[in-house]
Amino acid sequence: MSATATAAPVNDDRSFFGHPRGLATLFFTEMWERFSYYGMRAILVFFLSASVANGGLGMEKPLASSLVSVYGAAIYMSALAGGWLADRLLGSQRSVFYGGVLIMAGHICMALPFGSTSVFLGLLLIILGSSLLKPNISSVVGSLYEKTDARRDSGFSLFYMGINIGSFSGQLVTGYLGEKVNWHVGFGAAAVGMAIGLIQYKLGARHLGAAAATPSNPLTADERSKAYGRIGMSVGAILVVGVVMFLTGTLTAYGIKNAISIAAMVLPVIYFTVMLRSPKTTKVERDRVKAYIPLFIASALFWLIFEQAANVLNIYADERVEKTVFGWEFPASWFQSVNPMFLIVLAPIVAWIWLRLGTRQPSTPRKFAVAVATVGLSFGVLALVALFGDATTKVSPMWLLLVYGIQTVAELLLSPVGLSMTTKLAPAAFLSQMMGMWFLSTAAGYGIAAQVVPFYSAENELAYFGILALCAIALSVLIWIGAKRIKKLMHGVI
Ligand code: PHE
32 MSATATAAPV NDDRSFFGHP RGLATLFFTE MWERFSYYGM RAILVFFLSA SVANGGLGME
92 KPLASSLVSV YGAAIYMSAL AGGWLADRLL GSQRSVFYGG VLIMAGHICM ALPFGSTSVF
152 LGLLLIILGS SLLKPNISSV VGSLYEKTDA RRDSGFSLFY MGINIGSFSG QLVTGYLGEK
212 VNWHVGFGAA AVGMAIGLIQ YKLGARHLGA AAATPSNPLT ADERSKAYGR IGMSVGAILV
272 VGVVMFLTGT LTAYGIKNAI SIAAMVLPVI YFTVMLRSPK TTKVERDRVK AYIPLFIASA
332 LFWLIFEQAA NVLNIYADER VEKTVFGWEF PASWFQSVNP MFLIVLAPIV AWIWLRLGTR
392 QPSTPRKFAV AVATVGLSFG VLALVALFGD ATTKVSPMWL LLVYGIQTVA ELLLSPVGLS
452 MTTKLAPAAF LSQMMGMWFL STAAGYGIAA QVVPFYSAEN ELAYFGILAL CAIALSVLIW
512 IGAKRIKKLM HGVI
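Spelled out as C-alpha cells, the structure:
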C-alpha cells in the first residue's frame, strides 16, 4: 500500500517532543479552533440574554441557557455526519480544512453587528464546520502512528493539552473583550483565532504526509448513487420538519430548541437498535453493545451536568459570585478558564497514577461510576452553598473554583477512558459509527440539559443543584453495583 510507504518517514520522526512533526501542525490547529469555540461559547449566554440596549439579543435567560445547550447538542450530533463524509468522500485532512473555513466564516458572521439573523447564520456555520473538523482532526492524529506505536497514547495526551491551552486562553481573551468592550469584538477575536489556526494548518500540512489524506473507506461507484439518495432523503426530511414547523407556527427559537433536543435523545435509541438487530453483529459483539448502553447513559448524565458551565454556572458566576479584586471586577466568563487550567495541571498526574497502578486499575465501569458521582458531588457543593447561604448575598469565588476543580477530576476519569473504550466495544461492522456514538452521548446529555437548564434560578438553587446531584449519585451507585455484570458482557475488554 502506497499510503503506508509514504507514511513511514512520518512515523520515525521525533521532532515534536519525541512525536512526528505533523502532530505539531494538528496540535496548533486544534488549539486555535478550541480558542475560537470555547471563547465564543464563554460569552454566548450573556450576549443572547443581554438587553438590546446593551448590544445583546434581549432573550429571557432560561431560553438563552437552553439555546447554548442545543447549540452543543447540534455540534456533537452532526459530528456523525462529518465523520462519515471524511471516511467515505473527503478524507480527514481535507475535512479539517473545510471545517475550519466554515467555522471562521461563522465567527465572522457573529462579529458583524447585524442582529439575530447573522448570529443564527453564524451559529449554523460553526455547527457545520465543527462537524467536519472536530471528529476528523482526531483521526488524523491517530493516523500519524502505526497501531502498535507506543507513542500513540502520549500523542493523544499532548493533543488534549493543545485543546485545553486553546480553551484556557480563548476564554480569557474573548471573555474580556466581549464582556468589557463589545460582544462583537469578542466574536471577532474568535474569528481571528480560527484564521491563525487555518494559516498554520496550511503551512504545516506537508508534515502530515499521507496520514488520513484520502477516505479510509471510499464509496464505490454503485454505493455512490445510493448514498446520494440517502443524503437527499435526510436533507429532505429536515426540510419537511422545517416546513411543518413553519406552517404550524413553531419555527421559533423555542421550537428549534425542542426539535434538536428531541433528535439528540431519539438518535441514540435508533443507533443502538440498528446495531443490536443487525445480522452483521455477532453474539459477543451484541453483548458488548449491551454493555455500552449503561456507560452511554452515564456519559450522557455526566455531560449534562458538566456542560452547564457555559450557561447555568456562567449565570451563577455573573449574578451570585463576588468578582472584585483590588477594586476591579473581572469578567464572569473568566471562570470558564478554570477547568482547562486545572486540566493542564492534573492530566499528567492522573496519567501517572494509571501507569503506576498498571493492571490494578479499577475497571472502566467503576471509573465511570466514580466519575458520575464526582460530577454529582460538584453540584452537591453548590447545593450546600445554597443551603447555608441566602440568595441575596454574593458568595466567595473559592466555591466556584472548588466546583470546577472537582469537575476536572471527574472529566479525567471519564473522557479519555470513554474514547478508548468506545473503540474496543465497537462491532467490526460499525467501528466509525460507534465513534460517533461517543459524541452522541455528549449530544444526548446536552439535549436533555436544554430541557433542564431553564429551571435554574437564584431562588431555587438548593432544589436545582441538589436534585441533579442526587440523580448523578443514584446512577453512580447503580453502575457500581452492576459493574461486574457489565464487565462480563464486555467479554475480556477492559
Ligand atoms: N474539552 C474537550 C474538548 O473540547 C471536551 C470534550 C470531550 C468534548 C469529548 C467533546 C467530547 O475536546
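Under the working numbering, the first residue of the sequence shown is numbered 32, with each subsequent residue one higher. Cβ atoms here follow ideal geometry from the backbone N, Cα and C, with glycine treated the same way.
Any non-hydrogen atom of the ligand PHE closer than 8 Å to residue i Cβ
i              : result
asparagine 167 : no
asparagine 342 : no
tryptophan 469 : yes
threonine 60   : no
threonine 473  : yes
arginine 65    : yes
leucine 203    : no
proline 299    : no
asparagine 491 : no
tyrosine 69    : yes
tyrosine 107   : yes
asparagine 195 : yes
leucine 450    : yes
serine 368     : no
serine 200     : no
serine 162     : no
serine 188     : no
serine 170     : no
serine 247     : no
serine 446     : yes
proline 371    : yes
Check whether residue i and residue j have beta carbons under 9 Å apart
i                 : j                 : result
glycine 228       : phenylalanine 59  : yes
proline 246       : glycine 122       : yes
asparagine 195    : alanine 340       : no
methionine 108    : isoleucine 291    : yes
alanine 244       : arginine 125      : yes
valine 403        : leucine 332       : yes
alanine 142       : alanine 81        : no
glycine 201       : threonine 56      : no
serine 507        : glycine 407       : yes
glycine 137       : leucine 163       : no
lysine 288        : glutamate 353     : no
glycine 478       : alanine 104       : yes
valine 524        : methionine 452    : yes
methionine 306    : valine 320        : yes
glycine 49        : histidine 238     : no
phenylalanine 374 : valine 434        : For clarity, residue 374 is leucine in the given sequence; the question names phenylalanine instead. No; because the gap between Cβ atoms is not below 9 Å, this pair is not in contact.
valine 127        : tyrosine 232      : yes
tyrosine 102      : leucine 133       : no
glutamate 64      : isoleucine 168    : yes
glutamate 16      : glycine 260       : This structure cannot speak to residue 16, because the chain is shown only from 32 to 525.
leucine 94        : alanine 284       : yes
glycine 130       : leucine 335       : no
isoleucine 542    : isoleucine 106    : Outside the modelled stretch of the chain, which goes from 32 to 525, sits residue 542, for which no answer is possible.
valine 172        : phenylalanine 187 : yes
histidine 215     : proline 144       : yes
asparagine 213    : arginine 119      : no
serine 161        : tyrosine 69       : no
leucine 326       : isoleucine 510    : yes
serine 330        : tryptophan 430    : no
Nearest-angstrom beta carbon gap, residue j and residue i [assumed within contact, 8 Å]
i              : j                 : result
tyrosine 323   : leucine 456       : 5 Å
serine 97      : proline 485       : 6 Å
glutamate 442  : phenylalanine 337 : 7 Å
leucine 282    : methionine 276    : 4 Å
alanine 489    : alanine 422       : 5 Å
glycine 449    : glycine 114       : At roughly 16 Å, the Cβ-Cβ gap does not stay under 8 Å, so glycine 449 and glycine 114 are not in contact.
threonine 405  : leucine 444       : 7 Å
tyrosine 302   : leucine 471       : 7 Å
asparagine 342 : threonine 439     : Not a contact, Cβ separation roughly 18 Å.
So, do the segment 362-371 and the segment 196-211 have three or more beta carbon pairs nearer to each other than 8 Å?
yes
Quick test of the definition: if touching needs 3 or more C-beta pairs under 8 Å, does the segment 397-416 touch the segment 483-499?
yes
Spell out a yes or no on whether the segment 386-401 and the segment 508-516 are touching, meaning 3 or more CB-CB pairs, one atom from each, closer than 8 Å.
yes
Between the segment 86-97 and the segment 455-474, are three or more C-beta pairs nearer than 8 Å?
no
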